[in-house]
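Single-structure report; data block below.
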Amino acid sequence: MSRTALVTGGNRGLGFEICRQICRRGLQVVLTARRLEDARAAAARLREEGLTVHPWELDVTVPEAAPVLARQLAAEGVHADVLVNNAGIFRDGAILDVDLQLVRESFEVHLFGPLSLIRAFAPGMRERGYGRIVNVCSGYGQISQGLKGSAASYNLSKAALGALTLRLSVELPATVKVNAALPGWLSNRGGPVSMEAGADTVVWLATLPDDGPSGGLFRERRPAEW
Ligand SMILES: NC(=O)c1ccc[n+]([C@@H]2O[C@H](COP(=O)([O-])OP(=O)(O)OC[C@H]3O[C@@H](n4cnc5c(N)ncnc54)[C@H](OP(=O)(O)O)[C@@H]3O)[C@@H](O)[C@H]2O)c1
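So this is what it looks like as structure tokens:
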């Protein structure tokens, strides 16, 4: 039976590569993007590679968007077995100076968006006895690394996403695994890690076997400190 994965921010960057790799592994992919036309354009690019993904609109900051999406998909007989919370924003600013609205926005995208998606889709995963949730975190959100960098709202909200991952793993049954991934500094931001390599750990966590880990943070498929 083919599993279905839902990916946020799938229209470009890491999310696009995650969709590509998950699809290549034989899962159905619901590629979501803030704007439907972007989701459709990304799906068309993958179709040129012989891959079929289903484009869908999802702005993770819109209240009620997650349960509405879950109901729309269910009406079409689609249930997410895998959820990848990839959507992200990077806003510069020191903690004492940054506009509080920017901090709130970062938390909407990195914490409340993923949380409402998890609340919309995890109960179904639990009922069906299978689920994989992957939250895309960042080295800038690692408390063990000191939360350094120029973007305080990014640091704080990614650290919170890590905390959400850990907390969820305590509440969810072993059949629903929730982990966080560190993709590394990616080439789309001038970094040394290719998009393919950055997506690898995410896709590995999204397709973990039944005896795989839960409640962990991983870089290059190896455990990392929160
Ligand atoms: N790039 C890196 O070096 C790096 C390093 C560590 C972690 N990460 C994390 O990896 C993830 C992907 O990064 P990336 O470099 O691929 O970022 P990116 O190229 O900037 O793409 C971000 C994606 O998130 C989407 N997005 C933003 N706000 C959204 C919202 N409210 N609702 C739905 N989608 C939204 C964007 O949609 P639009 O196209 O509509 O803007 C876009 O698809 C992020 O969580 C990021 O924090 C990246």
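So our numbering is basically just the index in the sequence shown, starting at one, shifted up by 1062.
In this text, a Cβ means the ideal position worked out from N, Cα and C, and glycines have one as well.
Being a predicted model, the structure only gives us computed values, none of them experimental.
- In the three-state reduction of the DSSP assignment, His-1141 falls in the coil class, being assigned neither a helical nor a strand state.
- DSSP places Lys-1239 within a strand segment (E or B) once states are collapsed to three.
- In the pairwise beta carbon analysis, the region 1168 to 1187 is classified as touching the region 1219 to 1227: at least three pairs are separated by under 8 angstroms.
- Between ligand 1 and Tyr-1216, a heavy atom-to-CB distance of less than 8 angstroms is present.
- The distance from the Cβ of Ala-1268 to that of Val-1146 is about 6 angstroms, consistent with a contact at the 8 angstroms cut-off.
- The residue from Pro-1254, Gly-1260, Leu-1234, Ser-1256 with its alpha-carbon nearest to that of Leu-1244 is Gly-1260.
- For Leu-1179, the closest C-alpha among the options Asp-1143, Leu-1162, Ile-1151, Gly-1253 is that of Asp-1143.
- Bounds of the alpha helix (DSSP H) holding Leu-1164 are 1162 to 1169.
- Distances taken from the Cβ of Lys-1220 to the heavy atoms of ligand 1 include one shorter than 8 angstroms.
- Relative to ligand 1, even the nearest heavy atom lies 8 angstroms or more away from the CB of Thr-1227.
- Lys-1210 is classed as exposed because its beta carbon has fewer than 16 other beta carbons within 10 Å across all chains shown.
- The three-state reading of DSSP puts Pro-1117 in strand, counting E and B together.
- In the DSSP assignment, Gly-1175 falls within the unbroken alpha helix (DSSP H) covering 1175 to 1190.
- Residue pairing of Gln-1207 in beta bridges, as defined by DSSP: absent, with no partner found.
- Here DSSP, grouped into helix, strand and coil, assigns Val-1265 to helix.
- The Cβ atoms of Leu-1279 and Trp-1266 do not sit closer than 9 angstroms to each other.
- In this model, Val-1255 and Glu-1282 are separated by some 11 angstroms (Cα to Cα).
- Distance from the Cα of Arg-1190 is smallest, within the candidate group Ala-1156, Val-1140, Asp-1262, Trp-1118, for Val-1140.
- Contact between Leu-1093 and Ala-1104 holds, with the beta-carbon distance rounding to 6 angstroms and staying under 8 angstroms.
- For the 9 angstroms CB-CB criterion, Gln-1083 and Asp-1273 do not form a contact.
- Gly-1077 and Asn-1148 have their C-alpha atoms some 6 angstroms from each other.
- In the structure shown, Gly-1260 falls within a helical segment according to DSSP collapsed to helix, strand and coil.
- For Ala-1095, the enclosing beta strand (DSSP E) stretches over residues 1090 to 1095.
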